[in-house]
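Trainee: Heads up, our numbering is the position in the sequence shown plus 342, with the first residue counted as 1.
Following this message is one structure expressed as structure tokens.
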Amino acid sequence: MLSFMDHIKIKFRHFILPQEILIQLAQPHQTILDIGCGLGTFLMSLDAEKKNLKGVDVCSATVNKAQKILVQQGKTNIDIAHFNGDPTTISNWEHYDMIFLNDVLHHIHPKEQFNFLMKIHKKMRKGSLLVLKDIDASSPLVFFNKLHDLVVNRQKSYERPLAEYIEWCQKLGFLLDNVMKVRKLVYPHFIMVMTKI
Ligand SMILES: C[S@@+](CC[C@H](N)C(=O)[O-])C[C@H]1O[C@@H](n2cnc3c(N)ncnc32)[C@H](O)[C@@H]1O
343 MLSFMDHIKI KFRHFILPQE ILIQLAQPHQ TILDIGCGLG TFLMSLDAEK KNLKGVDVCS
403 ATVNKAQKIL VQQGKTNIDI AHFNGDPTTI SNWEHYDMIF LNDVLHHIHP KEQFNFLMKI
463 HKKMRKGSLL VLKDIDASSP LVFFNKLHDL VVNRQKSYER PLAEYIEWCQ KLGFLLDNVM
523 KVRKLVYPHF IMVMTKI
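Shown next as structure tokens:
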């Protein structure tokens, strides 16, 4: 059963997330993997175009809720599954054109973040794209995201400055296609689009 907070998250997520940019980035691509998909709201926003959509999340309670929403709404081209949090255990990596990581890295322990990205890079098919969307810790507005995560998710968050992610992704061998900074309300987002070469 969806809680009051789940309904709020689904209804208002697009007010704080630069979802229109993410949807536009996904538009030309057919097979999409959303790692840390949560309740699947982003995948559901792509549904109209009948893409082949897969979401995974480490939280089994959230995955159960997302699966119920999919059944209720009769969405047959979206598959959401639980996984253990290790990207190397996700199957069919060669199948995906584009991988999204929307607001997941700041929920991962700082000591694990680079490793998590390295595993994704290792498994991605050459020529496929990674969209990394997170919160820029170099902005003082990061405070609002920390407050949000404490209040809404009851979690401490571990944002990093965009410059650090750029350095990491280049070190891993990604080709950076585009980097955007977008403020939505009080949230200082960044979006990196990169190709596995
Ligand atoms: C802020 S929510 C974002 C959900 C969704 N991506 C969105 O933008 O609406 C962060 C999500 O990351 C998930 N998460 C945390 N650690 C993870 C990991 N190691 N692998 C995959 N997902 C993880 C959480 O369970 C949660 O659903």
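For every residue, glycine included, the Cβ atom is placed at its ideal position computed from N, Cα and C.
How close, in whole Å, do the beta carbons of M385 and D376 come, if the pair is a contact with beta carbons under 8 Å?
Mentor: The question names Met, but residue 385 is Leu in the sequence shown. So it is a contact: roughly 5 Å between Cβ atoms.
Trainee: Taking 8 Å as the cut-off, is the CB of P360 close to at least one heavy atom of ligand 1?
Mentor: no
Trainee: Have a look at D445, F425 and P370 and flag the residue whose alpha-carbon is nearest the alpha-carbon of L471.
Mentor: P370
Trainee: Is F357 a contact residue of ligand 1, with contact defined as CB to any heavy atom under 8 Å?
Mentor: Incorrect: F357 has no Cβ contact closer than 8 Å to ligand 1.
Trainee: In the DSSP assignment, the alpha helix (DSSP H) including R502 goes from what residue to what residue?
Mentor: Careful: R502 lies outside any alpha helix (DSSP H) and carries neither H nor E.
Trainee: If L381 sits next to I420, beta carbons under 8 Å apart, how far is it from one beta carbon to the other, in whole angstroms?
Mentor: The pair is not a contact, with the Cβ atoms about 12 Å apart (cut-off 8 Å).
Trainee: To the nearest angstrom, how far is the alpha carbon of K513 from that of D478?
Mentor: 19 Å
Trainee: Taking the alpha-carbon of Q615 as reference, which of N426, A403, D428 and S387 has the nearest alpha-carbon?
Mentor: Residue 615 falls outside the range modelled here, since the chain spans only 343 to 539, and no answer is possible.
Trainee: Taking only beta-carbon atoms, is K488 less than 9 Å away from chain B?
Mentor: Of the protein chains in the structure, only one exists, and it is not chain B.
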